[in-house]
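**Student:** Let me begin by handing over the structure; questions about it come next.
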Amino acid sequence: MRRIRAAAIGAVTLSLALAASACGGGSSTDGGGSNDSPKTLTYWASNQGASITVDKKVLKPELDKFEKQSGIRVKLEVIPWSELLNRILTATTSGQGPDVLNIGNTWSASLQASGALLPWDTKNFGGIGGKDRFVASALGSTGARGEDPAAVPLYSMAYALYYNKKMFADAGISKPPATWDELVADGKKLAKDGKWGLGAEGANLSENIHQVFVLAKQHGADFFTADGRPDFTSEGAVTAIKQYVDLMAKDKIIAPGNAEYAQNQSLSDFAKGKTAMVLWQTASATLTSLGMKDDEWGVAPAPVRSGTPGSGTSVNSMVAGINLAVFKNTDNHDGALKFVKFMTSDAEQKILNKAYGSIPPVKAAQSDPAFNTKATAALRNTLAKSAAALPQVADESQFETGVGTAVKELLADAAGGRPVTTESVKAKLEKAQQQMPAK
Amino acid sequence: MTTTTATAGTDRRTVSGSTPGAARGPRRPGRIRRIGLPYLLLLPALVLELLVHLVPIGIGILMSFKALTRFSIRDWGAAPWSGLDNYKISVDINAPAGEALLHSFWVTCGFTVLSVGLCWLLGTAAAIFLQDTFRGRGLLRTLFLVPYALPVYTAVITWAFMFQHDNGLVNHVLHDQLGLTDKPSFWLIGDNSFIARLTVSVWKGWPFAFLVVMAGLQNIPRELYEAAALDGAGMWQQIRRITLPSLRPVNQVLVLVLFLWTFNDFNTPYVLFGKAAPEAADLISIHVYQTTFATWNFGTGSAMSVLLLLFLLVVTGLYLLLTSRRRKTADV
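These protein sequence lines map, in sequence, to chains G and C.
Okay, so the first sequence: first residue is 5 according to the working numbering, each after it adds one.
Okay, so the second sequence: first residue is 402 according to the working numbering, each after it adds one.
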């Protein structure tokens, strides 16, 4: 009997404890943040280096420096790209998130729409030295036009053409291609004996989007109309996507196996000398970590139809990069702003962007000679002259999923030997457009 | 059933025995205690069940009636009600979203039937063959259970490597060594992805069938086989007339569990194919995930999940109804 009573009491206690702990979670989502814990910050960094360990090694000394200056301890978590967006969504829903976080700059408008991020109005921007400190193209990728930016540019990147010097010399090619026609011609010379002209990440939706977005620009097409409606099936868009898929289907300069690549295998193929060219954003640091020496590869602006990169239809890269955002319901509002100021200071910008091989979006930091080397000069010029921001609309992530999947399926068709025609491209794009949320 | 009655009986005796001289109303507290105790002991399990299963299911159902998109996830209680709109989108098979869901539903049905069938067949066959003692039986039994014991992620990532086009083991064996295909096949994209998905699913699922059937076989009396053998029944007849009918109750549960697991499996396709599964292997779990997370449309995703839940409930109910009725008639 005593035992039963003990069990009964235990049961009731356990249930009460469970119920209480379940109710205890969650926090208010209405407030605009507070300063309840001024001594600590949680920072979610994206994976910028060759591995998460590399990132920790790069960031740790800087965070220590910040702690010495401000007395605020920063708890660092480096989150892989495959998880970052889901983690942010979960944090948004539950209100249990970091104080400061890195976001892919193409997500700015989508996340802005969720209202989870602190808007960077004139006052907040003033606190970190004002908008004028930043490069215009990077600022163009921080949120929807006409609204306060949802984040501040942290690292800038751009696409460039990386090529294997020895393979080029062996094939008798004297200079890197400047137009797509030249790229295809060179690719055909290079694609033989089990080696290939160009690499691609065919199953990586974002990578597909970056490539076809630029190609569509070159054909005068945008995937969204000026008022933010999806427009995937315009003639320019269809031509652009067909041109990209044809690099594998018709020109046969991309290995069919690349259609299933999604984990940067094309870059390791390049480092191993299996493919002669890749279109990549800031590859230098990764190439070094893959064992390729600096003098083995060259870098040139990504091709455009006219041969001279510029604005409008001569765009040859998206504005790639990472933005730094503050979570709206942070419990260390002032500390978070201080941390952003620290991370975007001239000195830190130089250190961090050097470590990652990216370009500082802060103008003053760009004067450092490190950003005028072979690897970085091409990227810096591209960002300054011929890069365009991906559509800054709230539906951007759906666009990446829909059109990115369409390109993935078309590449799969090409790899499997099925014909890729203007009609089949258009049909896939129509399907993607129909799946966009109704307005 | 008998156990419960016996416990209740003892309980009553104990209670009345322990409080013989209670002055006031000995009956009522005793009765409440008697009736209440089992509920009290079940309370932790009930609360946990509520927290872990029922509350999330309830919230999921609630969400399916809301227009919950990225604009409202931050304060999702305030998301506008949308009535049956999410369901209309999901079941309108003339519109792209409904059409895609229906396609995914058929793929999943075909896949589940094949996978459960093969798992059951392999598991039963292996269990029957390993019923007789022979040298190395224990080793084989252990070996067969390995896929079941491996962590899903590790196992599926290994499969993804093996299915790679350029360097995968599968193509190496099928194409390079055996020369069965003209050129290396794609397994992770295109139509073959269905076969790849099925292979992994059967590989992962059949050890469970093997384990359960093996346990069931231990309960079949040896004498039945001896008597059958004396009457001249061959092995095939023994399997058909003794083994399978005796396994019926085990199989009833086994097939149901396999069906539910296979139909709902999310980890395997997600690890194998990533966020966008190829059309041929566009299983419903990953399809719902894509609708929900990749496009941030949590309302429609929830509606699809609720429809899936209803479908599985109906199938499970019908299945149990039919199989128990058959069993009853068989018993008579």
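Glycine residues also receive a C-beta, built at the ideal position from the N, C-alpha and C atoms.
Computed from a prediction, not measured in an experiment: that's the story for all the values here.
VAL139 (chain G) bridges to which residues according to DSSP?
**Tutor:** Locating residue 139 (chain G) in the first sequence gives position 135, where the first residue counts as 1. DSSP, once it has assigned bridges, lists no residue as partnering VAL139 (chain G).
**Student:** Which one of G:GLN285, G:LEU291, G:TRP284 and G:GLN267 has the shortest CA to CA distance from GLY277 (chain G)?
**Tutor:** Counted from its first residue, the first sequence places residue 277 (chain G) at position 273. Ranking the options by Cα distance to GLY277 (chain G), first place goes to G:LEU291.
**Student:** Taking the alpha carbon of LEU522 (chain C) as the point to measure from, which residue in C:ASN652, C:ALA630 and C:LYS489 has its own alpha carbon closest?
**Tutor:** Your numbering for residue 522 (chain C) matches position 121 in the second sequence. Among C:ASN652, C:ALA630 and C:LYS489, the Cα nearest to that of LEU522 (chain C) is on C:ASN652.
**Student:** Take LEU515 (chain C) as the anchor and find which of C:PRO457, C:SER602, C:SER647 and C:GLY437 has the nearest alpha-carbon.
**Tutor:** Here residue 515 (chain C) corresponds to residue number 114 of the second sequence, with the count starting at 1. Nearest C-alpha to LEU515 (chain C): C:SER602.
**Student:** Taking only three categories from DSSP, how would you classify SER268 (chain G)?
**Tutor:** Translated into the one-based positions of the first sequence, residue 268 (chain G) becomes position 264. Note that residue 268 (chain G) corresponds to Asn in the displayed sequence, not to Ser. Coil.
**Student:** Could you tell me the alpha carbon to alpha carbon distance between LEU657 (chain C) and ALA436 (chain G), rounded to whole angstroms?
**Tutor:** Along the second sequence, one-based indexing puts residue 657 (chain C) at 256. Along the first sequence, one-based indexing puts residue 436 (chain G) at 432. Rounded to the nearest angstrom, the two C-alpha atoms are 36 angstroms apart.
**Student:** Consider the Cβ of GLU264 (chain G): report whether some Cβ of chain C lies at a distance smaller than 7 angstroms.
**Tutor:** Mapped onto the first sequence, residue 264 (chain G) falls at position 260. Yes, GLU264 (chain G) counts as interfacial toward chain C.
**Student:** Determine the burial state of ARG727 (chain C): buried for a count of at least 16 other Cβ atoms within 10 Å of its Cβ, exposed for fewer.
**Tutor:** For the purposes of this step, residue 727 (chain C) is taken as the residue at position 326 of the second sequence. Burial call: exposed.
**Student:** Given that LEU433 (chain G) touches chain C, what residues does it touch there, using C-beta distances under 7 angstroms?
**Tutor:** Here the question's residue 433 (chain G) lines up with position 429 in the first sequence. Chain C residues near LEU433 (chain G): none, gap ~12 angstroms exceeds 7 angstroms.
**Student:** Report the residue ranges of all alpha helix (DSSP H) runs contained in full by the stretch 600-677 of chain C; include only those spanning at least 4 residues, in chain order.
**Tutor:** Entirely contained in the stretch 600-677 of chain C, the alpha helix (DSSP H) runs reaching 4 residues are, in chain order, 623-631, 636-639, 645-665 and 668-674.
**Student:** For chain G, is any of its Cβ atoms less than 7 angstroms away from the one on THR582 (chain C)?
**Tutor:** Locating residue 582 (chain C) in the second sequence gives position 181, where the first residue counts as 1. Chain G contact via Cβ: absent.
**Student:** Please look up how many angstroms separate the CB atoms of ALA113 (chain G) and THR386 (chain G), rounded, as I've assumed it's under 8 angstroms.
**Tutor:** Here residue 113 (chain G) refers to the residue found at position 109 when the first sequence is read from its first residue. Here residue 386 (chain G) refers to the residue found at position 382 when the first sequence is read from its first residue. So it is not a contact: roughly 22 angstroms between Cβ atoms.
**Student:** Out of C:ALA556, C:PHE664, C:LEU581 and C:LEU655, which one is the CA nearest neighbour of LEU710 (chain C)?
**Tutor:** The residue labelled residue 710 (chain C) in the question sits at position 309 within the second sequence. LEU710 (chain C) has its Cα closest to that of C:PHE664, out of C:ALA556, C:PHE664, C:LEU581 and C:LEU655.
**Student:** Counting pairs of Cβ atoms below 8 angstroms between the stretch 155-164 of chain G and the stretch 282-290 of chain G, do you hit three or more?
**Tutor:** They touch, by the three-pair rule.
**Student:** Is the Cβ of ARG475 (chain C) closer than 7 angstroms to any Cβ of chain A?
**Tutor:** This model lacks chain A altogether; the protein chains it does include are G and C.
**Student:** Roughly how far, in whole angstroms, is the beta-carbon of GLY144 (chain G) from the beta-carbon of ALA154 (chain G), given that I think they are within contact range, below 8 angstroms?
**Tutor:** In the first sequence, residue 144 (chain G) corresponds to position 140, counting from 1. In the first sequence, residue 154 (chain G) corresponds to position 150, counting from 1. The pair is not a contact, with the Cβ atoms about 13 angstroms apart (cut-off 8 angstroms).
**Student:** Please specify which runs of the beta strand (DSSP E), each continuous and at least 3 residues long, are wholly inside the stretch 231-297 of chain G, giving them in chain order.
**Tutor:** The stretch 231-297 of chain G contains these whole beta strand (DSSP E) runs: 279-285.
**Student:** In this structure, does DSSP put LEU158 (chain G) in helix, strand or coil?
**Tutor:** As a first step, residue 158 (chain G) must be located in the first sequence, where it is residue number 154. Correct three-state label for LEU158 (chain G): strand.
**Student:** At what residue ranges does the stretch 430-479 of chain C contain a whole run of the beta strand (DSSP E), taking only runs of 3 or more?
**Tutor:** The stretch 430-479 of chain C contains no whole beta strand (DSSP E) run of 3 or more residues.
**Student:** Find the nearest neighbour of ALA54 (chain G) within the set G:GLY295, G:LYS432, G:LYS179 and G:VAL104, judged by alpha-carbon distance.
**Tutor:** Start at 1 with the first residue of the first sequence, and residue 54 (chain G) comes out as number 50. Among G:GLY295, G:LYS432, G:LYS179 and G:VAL104, the Cα nearest to that of ALA54 (chain G) belongs to G:GLY295.
**Student:** Looking at the secondary structure, which residues open and close the alpha helix (DSSP H) in which ASN385 (chain G) lies?
**Tutor:** Within the first sequence, the letter at position 381 stands for residue 385 (chain G). ASN385 (chain G) -> alpha helix (DSSP H) spans 378-385.
**Student:** Can you give me the Cβ contacts of ASP338 (chain G) inside the same chain, cut-off strictly under 8 angstroms, excluding the 5 residues immediately before and after it?
**Tutor:** To locate residue 338 (chain G), count along the first sequence from 1; it is residue 334. For ASP338 (chain G), where only same-chain residues beyond five positions count, the Cβ hits under 8 angstroms are ASN39 and PRO42.
**Student:** So, helix, strand or coil for MET440 (chain G), using DSSP?
**Tutor:** Stepping through the first sequence from its first residue, residue 440 (chain G) is reached at position 436. MET440 (chain G): coil per DSSP, three-state reduction.
**Student:** By the 8 angstroms beta-carbon criterion, what residues does the stretch 540-566 of chain C contribute toward chain G?
**Tutor:** Hits within the stretch, in order: GLN565 and HIS566.
**Student:** Hey, is the stretch 314-334 of chain G in contact with the stretch 114-129 of chain G, meaning 3+ C-beta pairs nearer than 8 angstroms?
**Tutor:** In short, these stretches touch, since the Cβ pair count reaches three.
**Student:** Identify whether ASN495 (chain C) lies in helix, strand or coil by the three-state DSSP scheme.
**Tutor:** Indexing the second sequence from 1 puts residue 495 (chain C) at position 94. If DSSP states are grouped into helix, strand and coil, ASN495 (chain C) belongs with coil.
**Student:** Pick from C:VAL707, C:LEU673 and C:VAL448: whose alpha carbon is nearest that of THR600 (chain C)?
**Tutor:** One-based indexing of the second sequence puts residue 600 (chain C) at position 199. Closest by alpha carbon: C:LEU673.
**Student:** Have a look at SER390 (chain G) and LEU659 (chain C) and give me their C-alpha separation to the nearest angstrom.
**Tutor:** The residue you call residue 390 (chain G) lines up with position 386 of the first sequence. The residue you call residue 659 (chain C) lines up with position 258 of the second sequence. Whole-angstrom Cα-Cα distance: 56 angstroms.
**Student:** Can you tell me the Cβ-Cβ gap for PRO307 (chain G) and ALA182 (chain G), rounded? I've got them flagged as a contact below 8 angstroms.
**Tutor:** As a first step, residue 307 (chain G) is located in the first sequence; it is residue number 303 there, counting from the start. As a first step, residue 182 (chain G) is located in the first sequence; it is residue number 178 there, counting from the start. Right, their Cβ atoms sit about 6 angstroms apart.
**Student:** Applying the criterion that 16 or more other CB atoms from any shown protein chain within 10 Å of the CB defines a buried residue, is GLU81 (chain G) buried or exposed?
**Tutor:** Position 77 of the first sequence, counted from the start, is the residue given in the question as residue 81 (chain G). Burial call: exposed.
**Student:** For GLU239 (chain G), does the count of other Cβ atoms within 10 angstroms reach 16, so buried, or fall short, so exposed?
**Tutor:** Position 235 of the first sequence, counting from 1, holds the residue named residue 239 (chain G). Exposed, since its Cβ has fewer than 16 Cβ neighbours within 10 Å.
**Student:** Do ASN262 (chain G) and GLY206 (chain G) have their CB atoms nearer than 7 angstroms?
**Tutor:** Taking the first residue of the first sequence as position 1, residue 262 (chain G) is located at position 258. Taking the first residue of the first sequence as position 1, residue 206 (chain G) is located at position 202. Yes, these two residues count as a Cβ contact at 7 angstroms.
**Student:** Just to confirm, are PHE472 (chain C) and ILE685 (chain C) a CB contact at a threshold of 7 angstroms?
**Tutor:** For the purposes of this step, residue 472 (chain C) is taken as the residue at position 71 of the second sequence. For the purposes of this step, residue 685 (chain C) is taken as the residue at position 284 of the second sequence. Taking 7 angstroms as the Cβ cut-off, PHE472 (chain C) and ILE685 (chain C) do not qualify as a contacting pair.
**Student:** DSSP three-state label for ARG542 (chain C), please.
**Tutor:** As a first step, residue 542 (chain C) must be located in the second sequence, where it is residue number 141. Helix.
**Student:** Buried or exposed: where does GLY29 (chain G) fall if 16 or more other Cβ atoms within 10 Å of its Cβ makes it buried?
**Tutor:** Taking the first residue of the first sequence as 1, we reach residue 29 (chain G) at position 25. Confidence at GLY29 (chain G) is low in this model, with a pLDDT of 39, below 50, so the placement of that residue is unreliable and no value is reported for it.
**Student:** Name the DSSP bridge partner or partners of PRO305 (chain G)?
**Tutor:** As a first step, residue 305 (chain G) is located in the first sequence; it is residue number 301 there, counting from the start. DSSP lists G:ALA164 as partners of PRO305 (chain G).
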